[in-house]
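Student: From first to last, the protein sequence lines stand for chains V and E. Using the UniProt record's numbering, the first residue of the first sequence is number 1, and each one after it goes up by one. Using the UniProt record's numbering, the first residue of the second sequence is number 1, and each one after it goes up by one.
There are 2 protein chains.
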Amino acid sequence: MGSPVSIRDVATRAKVSVGTVSNVLNRPEVVAPATRERVLGAITELGFVRNDAARQLRSGTPRAIGLVVLDVGNPFFTDVARGVEDTASEAGHAVILCNSDESARREARHVELLAEQRVHGVLITPVDTDLAAVRRLRDRGISVVLLDHPTDEPDLCSVAVDDRQGGELAVTHLLAEGYQRIVMVNGPARIHQARQRHRGAVDAVRKAGRSRAVLEELVVPALNVASGQRAAERLLARSTRPDAVFCANDLLALGVLQVLVRAGVRVPEEMAVVGYDDIDFAAAAAVPLTSVRQPRQQIGRTAAELVIAETMSPAEHEHRHVLFAPELVVRESSRRPVRPRRGR
Amino acid sequence: MGSPVSIRDVATRAKVSVGTVSNVLNRPEVVAPATRERVLGAITELGFVRNDAARQLRSGTPRAIGLVVLDVGNPFFTDVARGVEDTASEAGHAVILCNSDESARREARHVELLAEQRVHGVLITPVDTDLAAVRRLRDRGISVVLLDHPTDEPDLCSVAVDDRQGGELAVTHLLAEGYQRIVMVNGPARIHQARQRHRGAVDAVRKAGRSRAVLEELVVPALNVASGQRAAERLLARSTRPDAVFCANDLLALGVLQVLVRAGVRVPEEMAVVGYDDIDFAAAAAVPLTSVRQPRQQIGRTAAELVIAETMSPAEHEHRHVLFAPELVVRESSRRPVRPRRGR
DNA sequence: CAGAGGTGTTAAAACGTTTCAGGAGGTGCC
DNA sequence: GGCACCTCCTGAAACGTTTTAACACCTCTG
Numbered sequence: 001m002g003s004p005v006s007i008r009d010v011a012t013r014a015k016v017s018v019g020t021v022s023n024v025l026n027r028p029e030v031v032a033p034a035t036r037e038r039v040l041g042a043i044t045e046l047g048f049v050r051n052d053a054a055r056q057l058r059s060g061t062p063r064a065i066g067l068v069v070l071d072v073g074n075p076f077f078t079d080v081a082r083g084v085e086d087t088a089s090e091a092g093h094a095v096i097l098c099n100s101d102e103s104a105r106r107e108a109r110h111v112e113l114l115a116e117q118r119v120h121g122v123l124i125t126p127v128d129t130d131l132a133a134v135r136r137l138r139d140r141g142i143s144v145v146l147l148d149h150p151t152d153e154p155d156l157c158s159v160a161v162d163d164r165q166g167g168e169l170a171v172t173h174l175l176a177e178g179y180q181r182i183v184m185v186n187g188p189a190r191i192h193q194a195r196q197r198h199r200g201a202v203d204a205v206r207k208a209g210r211s212r213a214v215l216e217e218l219v220v221p222a223l224n225v226a227s228g229q230r231a232a233e234r235l236l237a238r239s240t241r242p243d244a245v246f247c248a249n250d251l252l253a254l255g256v257l258q259v260l261v262r263a264g265v266r267v268p269e270e271m272a273v274v275g276y277d278d279i280d281f282a283a284a285a286a287v288p289l290t291s292v293r294q295p296r297q298q299i300g301r302t303a304a305e306l307v308i309a310e311t312m313s314p315a316e317h318e319h320r321h322v323l324f325a326p327e328l329v330v331r332e333s334s335r336r337p338v339r340p341r342r343g344r
Numbered sequence: 001m002g003s004p005v006s007i008r009d010v011a012t013r014a015k016v017s018v019g020t021v022s023n024v025l026n027r028p029e030v031v032a033p034a035t036r037e038r039v040l041g042a043i044t045e046l047g048f049v050r051n052d053a054a055r056q057l058r059s060g061t062p063r064a065i066g067l068v069v070l071d072v073g074n075p076f077f078t079d080v081a082r083g084v085e086d087t088a089s090e091a092g093h094a095v096i097l098c099n100s101d102e103s104a105r106r107e108a109r110h111v112e113l114l115a116e117q118r119v120h121g122v123l124i125t126p127v128d129t130d131l132a133a134v135r136r137l138r139d140r141g142i143s144v145v146l147l148d149h150p151t152d153e154p155d156l157c158s159v160a161v162d163d164r165q166g167g168e169l170a171v172t173h174l175l176a177e178g179y180q181r182i183v184m185v186n187g188p189a190r191i192h193q194a195r196q197r198h199r200g201a202v203d204a205v206r207k208a209g210r211s212r213a214v215l216e217e218l219v220v221p222a223l224n225v226a227s228g229q230r231a232a233e234r235l236l237a238r239s240t241r242p243d244a245v246f247c248a249n250d251l252l253a254l255g256v257l258q259v260l261v262r263a264g265v266r267v268p269e270e271m272a273v274v275g276y277d278d279i280d281f282a283a284a285a286a287v288p289l290t291s292v293r294q295p296r297q298q299i300g301r302t303a304a305e306l307v308i309a310e311t312m313s314p315a316e317h318e319h320r321h322v323l324f325a326p327e328l329v330v331r332e333s334s335r336r337p338v339r340p341r342r343g344r
């Protein structure tokens, strides 16, 4: 049957007052062992489960934090989510995971919902750079940590990875391996990460100061496998092909790689490929993929720690902007063979 | 500043009673347009946000449903989650997504949390077959739908895909293409899906009735890329290799495929590979992967519909066991070339 | 034996909503 | 003018907890 069993039922059963039951639940040490046992007995006998709504209403301290990501299908975010969940559940918080799917409307709806739930705090990768939704949350007194979206806003925490440095790492590596004609397959400029990674790539070329190296940007509408495939097809159709491709994320790179492999283009001899994110599949691709790794779980953990710290002591909390350093993982797809070209 | 603005503040501001504000919020049609506007004005001016805890406490009707999956990193589950979220948010429900990570302890903790939240219902892929956690939820009057875990339990709904049929589809296809020595790379027997898919594979061989075809099972500890790689290495080390590999999921298959491609084994000429789940990466692999597709989003949608229907009218609800049919997607990795072997 | 200082328990007041019985005021009908 | 019937609004009770002040009882101290 249903279970409308409340703390009051437990109290009568154990022949104590409701206050005592509440104490057993929340501060067991203040109640005498004998009564404590009696109450616990009643609880299990009746199958009592605390009603969190009432608890929250009275105590004012919620037990959930919200996490709003751009795309649950993206392994990057699922890893971040895992990190968040780890530290959150250690602190006794539930995580409400929301998927904005890069839609401002969905984001707004989710944010509204989280506000109504009176969550402890919200970790969010905002859809737009204007941060309208984020501002509204803050105005309602909910602490917010920006995820993977660096900012200078003084009244917000943020946790991100230095995308510009990541782009620079990738292209510097390609130049060092001797590649000259590099195409960056990039997402649309409205995506913050895409812009930064491209800037880093430009930095690399500039710093190398070699006049022969050229970097071109090829913009695709979405950061997924299909877009990568189409981009590769376009590159193959050219009369002079690039000798290296740097992709704004691994999904693009896998799409590119597949088309190249199937077209018989040797990777990396004829064309190198570098991705970004180092998702699990990167290492398992037909040609293991060089990629820029981000400390994904750690991003999640750090963000969760920040939001919990802020809500614990809002007064003396100092907003921090954590910027992790990316790391280049070199694999076969971009390693110039030691010997000069084989065959001829 | 914080926002301890309650319905009462709105009421005084709009010079009405709290009851009227509540009516504006929940049944706007019963209040006169003029007052309605006045109240709405006050709401936006004060930045009022409903406190869901209080609402739930009083009304007794929660607005969230729980979803407990084995692995958020697995694309199968993220697609299911997407389906769940779609129909749930249409019905005005939030989705609390929990990751049990195949750990009974984590599952128990999440289930406890969901029970305390008094969620509308729970969709769960149970870690164990004994369904202890599920029973406890039901005892507390929370409706449960089993996800991807077929059952005959008469007091539960379930939504799943016919894994046995899927296994049979895959192996029947391999046999039809002329493959003879088939190895199934499978997960441990405690995983329900692994058992069923293997049974289906056995069915296929039996039905084909061809005495020359052999099916062997190679059990690996986990259903991931690394396990697939190790399995393929073991197969390659043998003196007589199989001519086809059927993997219990796509992650395994991708691992196998990678090792084969790198070792120079031609796929499918020398060895065919078939996966299971048809994740996005399957089509984008070096050799596009034949796989068994499951209607993932539809599983999620159907499950959400069932749990919502059940909680709407628990009395006349009839528990259903929905079993979707899998579909074989044939790609290059298992298509026997029309001509006999090339070369020689 | 009075008072001080524990310890363990209780009763009642909150928390912010929804809901419901009922009241005020207006309109139409006989 | 009395009555019935609307429409719109109000006031208060209830939901299940946590929290706090107060109380009862015991033990120790002087």
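From the three backbone atoms N, C-alpha and C, an ideal C-beta is built for every residue, glycine too.
Are there 16 or more other CB atoms within 10 angstroms of the CB of V/Val30, so buried, or fewer, so exposed?
Tutor: With fewer than 16 Cβ atoms within 10 Å of its Cβ, V/Val30 is classed as exposed.
Student: According to DSSP, is V/Ser211 helix, strand or coil?
Tutor: In the structure shown, V/Ser211 sits in coil (DSSP, three-state: anything other than H, G, I, E or B).
Student: Do E/Ala14 and E/Thr35 have their beta-carbon atoms positioned less than 9 Å apart in this structure?
Tutor: Against a cut-off of 9 Å, the Cβ pair of E/Ala14 and E/Thr35 comes out as a contact.
Student: Could you tell me whether the region 100-120 of chain E touches the region 283-299 of chain E, where touching means 3 or more Cβ pairs closer than 8 Å?
Tutor: Taking 8 Å as the limit for Cβ pairs, the verdict is that the region 283-299 of chain E does not touch the region 100-120 of chain E.
Student: If I measure Cβ to Cβ from V/Gly228 and keep anything under 6 Å in the same chain, skipping five residues before and after, which residues do I get?
Tutor: Answer for V/Gly228: Leu252, Gly255, Val256, listed in chain order.
Student: I need the straight-line Cα distance from E/Asp162 to E/Leu146, nearest angstrom please.
Tutor: So the alpha carbons of these two residues sit roughly 14 Å apart.
Student: In whole angstroms, give me the CA-to-CA distance for residue 345 of chain V and V/Gln165.
Tutor: For residue 345 of chain V there is no data in the structure shown, the boundaries of chain V being 1 and 344.
Student: Which runs of the beta strand (DSSP E) spanning at least 3 residues fall entirely within the region 277-327 of chain E, listed in chain order?
Tutor: Within the region 277-327 of chain E, the complete beta strand (DSSP E) runs of at least 3 residues are 290-293, 321-324.
Student: In angstroms, rounded to a whole number, what distance separates the CA positions of V/Arg344 and V/Arg234?
Tutor: A caution first: V/Arg344 carries a pLDDT of 41, below 50, which makes its placement in the model too unreliable to give a value.
Student: Rank V/Val322, V/Val134, V/Asp130 by C-alpha distance to the C-alpha of V/Gly121 and give the top, closest one.
Tutor: The candidate whose alpha carbon is nearest that of V/Gly121 is V/Val134.
Student: Should V/Ala204 and V/Val322 be called a contact, given that it needs their Cβ atoms to be closer than 9 Å?
Tutor: No. Outside cutoff.
Student: Where DSSP assigns a beta bridge to V/Phe77, which residues make up the other side?
Tutor: Paired residues: none, contrary to the question.
Student: Buried or exposed: where does E/Asp79 fall if 16 or more other Cβ atoms within 10 Å of its Cβ makes it buried?
Tutor: Buried, since its Cβ has 16 or more Cβ neighbours within 10 Å.
Student: State the Cα-Cα distance for the pair V/Arg335 and V/Ala283, rounded to the nearest angstrom.
Tutor: Spanning the two alpha carbons is a distance of roughly 14 Å.
Student: Could you confirm whether any beta carbon from chain V is found closer than 9 Å to the beta carbon of E/Gln229?
Tutor: Closer than 9 Å: yes.
Student: Which same chain residues end up closer than 8 Å to E/Thr87 when comparing Cβ atoms and leaving out the 5 residues on each side of it in sequence?
Tutor: Around E/Thr87: Gly300, Arg301, Ala304, Glu305, Ile308.
Student: Starting from V/Ile96, find everything on chain E with Cβ-Cβ shorter than 9 Å and list it in chain order.
Tutor: Going along chain E in sequence order, the residues near V/Ile96 (Cβ under 9 Å) are Ala64, Ala94, Val95, Ile96, Leu97.
Student: How would you label E/Arg105, buried or exposed, when you count the other beta carbons within 10 angstroms and need 16 or more for buried?
Tutor: Answer is exposed; the Cβ neighbour count stays below 16.
Student: Kindly indicate which residue of E/Val267, E/Gln258, E/Asn249, E/Leu289 has the alpha-carbon position closest to the one of E/Asp277.
Tutor: The candidate whose alpha carbon is nearest that of E/Asp277 is E/Asn249.
Student: Beta-carbon of E/Val258 versus every beta-carbon of chain V: anything under 9 Å?
Tutor: According to the sequence provided, residue 258 of chain E is Gln. The question's Val does not apply to it. Closer than 9 Å: yes.
Student: Grab me the residues of V/Glu168's own chain with a C-beta within less than 6 Å of its C-beta, minus the 5 sequence neighbours each way, in chain order.
Tutor: Closer than 6 Å at Cβ, skipping near neighbours: Gly200, Asp203, Ala204.
Student: Which residues, in order along the region 96-124 of chain E, keep a beta-carbon less than 9 Å from a beta-carbon of chain V?
Tutor: Listed by position along the chain: Ile96, Leu97, Cys98, Asn99, Asp101, Arg106, Arg109, His110, Glu112, Leu113, Leu114, Ala115, Glu116, Gln117, Arg118.
Student: For chain V, is any of its Cβ atoms less than 9 Å away from the one on E/Gly47?
Tutor: Yes, E/Gly47 counts as interfacial toward chain V.
Student: Please confirm if E/Leu57 has its CB atom under 9 Å from at least one CB of chain V.
Tutor: True, the Cβ-Cβ gap to chain V drops below 9 Å.
Student: Locate the beta strand (DSSP E) running through V/Gly92, then write down its first and last residues.
Tutor: Segment: none, V/Gly92 is in no beta strand (DSSP E) and carries neither H nor E.
Student: Give me whichever residues DSSP pairs with E/His144 in a beta bridge.
Tutor: Inspection of the sequence shows that residue 144 of chain E is occupied by Val rather than by His. E/Val122, per the DSSP bridge assignment.
Student: Grouping DSSP H, G and I as helix and E and B as strand, with all else coil, what is E/Gly228?
Tutor: In the structure shown, E/Gly228 sits in a helix (DSSP, three-state: H, G or I).
Student: Give the DSSP-derived three-state secondary structure of V/Glu153 in the structure shown.
Tutor: V/Glu153: coil per DSSP, three-state reduction.
Student: Taking 9 Å as the threshold (beta carbon to beta carbon), is V/Leu25 in contact with chain E?
Tutor: So, not an interface residue.
Student: Measure the CB-CB distance between E/Val127 and E/Ser89 and report whether it falls below 9 Å.
Tutor: For E/Val127 and E/Ser89, no; Cβs fall outside 9 Å.
Student: Say whether chain E places a C-beta atom closer than 9 Å to the C-beta of V/Glu85.
Tutor: Yes, because at least one Cβ of chain E sits closer than 9 Å to the Cβ of V/Glu85.
Student: At the 9 Å Cβ level, is E/Ala280 part of the contact set with chain V, yes or no?
Tutor: Here residue 280 of chain E turns out to be Asp, not Ala, going by the sequence shown. Answer yes: the Cβ-Cβ gap between E/Asp280 and chain V drops below 9 Å somewhere.
Student: Could you check whether V/Leu67 and V/Val84 sit closer than 9 Å to each other, using their CB atoms as the reference points?
Tutor: Contact: yes.
Student: Identify whether V/Gly167 lies in helix, strand or coil by the three-state DSSP scheme.
Tutor: Three-state result, V/Gly167: helix.
Student: Please report the straight-line C-alpha distance between E/Leu289 and E/Ala170, rounded to a whole angstrom.
Tutor: Going from the Cα of E/Leu289 to the Cα of E/Ala170 covers about 12 Å.
Student: Within 10 angstroms of its Cβ, does E/Met271 collect 16 or more other Cβ (buried), or is it exposed?
Tutor: Buried is the call here.
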